[in-house]
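Asks:
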Amino acid sequence: MSTRSDGKPVRLADADELDDLLAAEPLVLLELYTNGCGKCQAMEPVIGTVARVTDATVAMANPGDDMTLLDRFEVRSTPTFVLLRDGEQVATLADGFVETDRMVTFVESGGESER
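For the sequence shown, the positions run 1 to 115 when the UniProt record's numbering is used.
1. Which residue wins for smallest C-alpha separation from V107, given the options A15, V28 and R72?
2. Please report the straight-line C-alpha distance between M43 and V98, rounded to a whole angstrom.
3. What does a CB cutoff of less than 6 Å around E112 pick up in its chain, not counting 5 residues either side in sequence?
4. Might you give, ordered along the chain, the residues of its own chain that have their beta carbon closer than 6 Å to the beta carbon of L30, omitting 5 neighbours on each side?
5. When we look at the beta-carbon of E88 and count the other beta-carbons within 10 Å, is it buried (16 or more) or exposed?
Take a look at the structure:
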């Protein structure tokens, strides 16, 4: 699986692909989205920027494709952003649309900016 070679978000099909990515990458920002979610679509340029300007690998997954992701990350709304370091969940952001600067700060601070 290609991870961050092109500076673009990685689309994941299921939890197994996520686990492979987490084993290979030390810092991952995961967006959990749903098809038809306007806020999720509006976040695409933001997460594209995060993928280019931070050290995080940015990944996207639709929990409708693998329902285990809903429970694993306690998803109650989309988009939900989960920051994972060394495979462990360190922070979650589920505030709908998030401005680029806030999202970059969230990632660069290891989630501390939202605590």
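A virtual CB, placed ideally from N, CA and C, is assigned to each residue, including glycine.
Replies: According to the structure data:
1. Taking the sequence shown and counting its residues from 1, the one referred to as residue 107 is at position 107. Residue V28 is the option with its Cα nearest to V107.
2. The residue you call residue 43 lines up with position 43 of the sequence shown. The residue you call residue 98 lines up with position 98 of the sequence shown. Each residue's CA atom was taken as its position, placing M43 and V98 some 7 Å apart.
3. Locating residue 112 in the sequence shown gives position 112, where the first residue counts as 1. Cβ within range, chain order: n/a, list empty.
4. Taking the sequence shown and counting its residues from 1, the one referred to as residue 30 is at position 30. Around L30: A59 and V82.
5. Here residue 88 is taken as the residue at index 88 of the sequence shown, counted from 1. With fewer than 16 other Cβ atoms within 10 Å, it is exposed.
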